[in-house]
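Numbering (this note's numbering), first residue to last: 432 to 757.
In structure tokens form, the structure reads like this:
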């Protein structure tokens, strides 16, 4: 396996799929001449030319709609949003066009397209640029929603998303682009809708996804020094959710903490907890707890931003509480 950055893993996936299928093309703001706002499309313009690596105006609604039309006629567009916060301007095309087209056409129009870009908070980008959007899009029938937390999953899931005949919302952690990890050599595919047990233990299950996977792994390392071993279940895809993987873990540990980047109200963790209490109630030895962002717009000040974000300390406190160790 090669050790590569999350960014380079995404670039590998794009390059391999552009080479494999000439129906695939990438479009978005600054994806061509500038190599992408986060340099994910670096070098692709030189290799594939301006017909397949397409710079667009600053008009999310417009180029998302062009992507929908391209998918309807048999191409496989990848639409990059410079940030998912800007994708609010295109939500009509994502939710009312891409997600509905197969159903409303009676199965006549497939929608093989990917909407991708950075999601969640970074550092001091303040309230309008720091939001985690997975619960919004996971609410919508007709969409698949991927939230990779490691370079290997970023590459494997993006390749699967590009090959899928349904619209896929692909949420890349904004703070993950420079993180490194092992990526298998050769053809590497991660199936959509399959979680992975990133760490195995028997004291508590931590169910998480996206950027919080790294936090959960740090928590696992820290707690192991105290003799506490946790399962880290990385959902990887939040629509569909791999409920069987959640159940296997909770039935083994009998305790669960859900760790998520977004807000509490109507967050992804609500859905996970709902499943656990319906299907695993008799297995639980303690209430399920959630660790999430505080219920405020993301502050700009560093100290307030740190206080608002979910972190390892908050997760450890929750785990110890469900184990009755606090």
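Positions of the beta carbon are idealized from the N, C-alpha and C atoms, including for glycine.
Leaving aside the five residues that flank residue 619 on each side, the residues in its chain whose CB is nearer than 6 Å to its CB run, in chain order, 586, 587. Inter-residue distance for residue 511 and residue 594 is about 16 Å (C-alpha atoms, whole angstroms). In the DSSP assignment, residue 520 falls outside any beta strand (DSSP E) and carries neither an H nor an E. Per the coordinates, the alpha-carbon of residue 467 lies some 19 Å from the alpha-carbon of residue 579. Beta-carbon to beta-carbon, residue 724 and residue 692 are separated by about 6 Å, close enough to satisfy the 8 Å threshold. In summary, residue 562 is buried, with 16 or more beta-carbon neighbours lying within 10 Å of its beta-carbon over all protein chains present.
The segment 528-535 makes no contact with the segment 438-445, as fewer than three CB pairs between them are under 8 Å. Taking C-alpha positions only, residue 549 is separated from residue 513 by approximately 7 Å. Taking the C-beta atoms as reference points, residue 689 is found nearer than 8 Å to residue 703. Under the three-state reduction of DSSP output, residue 630 falls in the strand class. When DSSP reads this structure, residue 636 sits in a beta bridge with 662, 687. Pairing residue 553 with residue 491, the inter-Cα distance amounts to about 21 Å. Residue 575 counts as buried, since no fewer than 16 other beta carbons sit within 10 angstroms of its beta carbon. Counting only residues of its own chain and dropping the five nearest sequence neighbours on each side, residue 434 has a CB closer than 6 Å to the CB of 611, 613.
The Cβ atoms of residue 669 and residue 640 sit closer than 8 Å to each other.
Of all C-beta pairs linking the segment 649-669 to the segment 630-640, three or more are shorter than 8 Å, placing the two stretches in contact. Burial is judged here by how many other beta carbons sit within 10 angstroms of a residue's own beta carbon; residue 651 has at least 16 and is buried. With respect to the C-alpha of residue 460, the residue from 546, 542, 454, 738 having the closest C-alpha is 546. The DSSP-derived three-state label of residue 741 is coil. Per DSSP, residue 670 lies in no alpha helix (DSSP H) segment; the continuous beta strand (DSSP E) that holds it begins and ends at 668-670. For secondary structure counted as the beta strand (DSSP E) over 3 or more consecutive residues, the segment 462-524 holds these complete runs in sequence order: 484-486, 507-511. In this chain, the beta strand (DSSP E) harbouring residue 549 covers 545-550. Residues of the same chain with a CB within less than 8 Å of the CB of residue 482, apart from the 5 flanking positions on each side, are 456 in chain order. Taking all protein chains shown into account, residue 632 has 16 or more neighbouring C-beta atoms within 10 Å of its C-beta and is therefore buried. Between residue 596 and residue 621, the C-beta spacing is not below 8 Å. With contacts defined as CB atoms closer than 8 Å, residue 726 and residue 695 qualify as a contacting pair.
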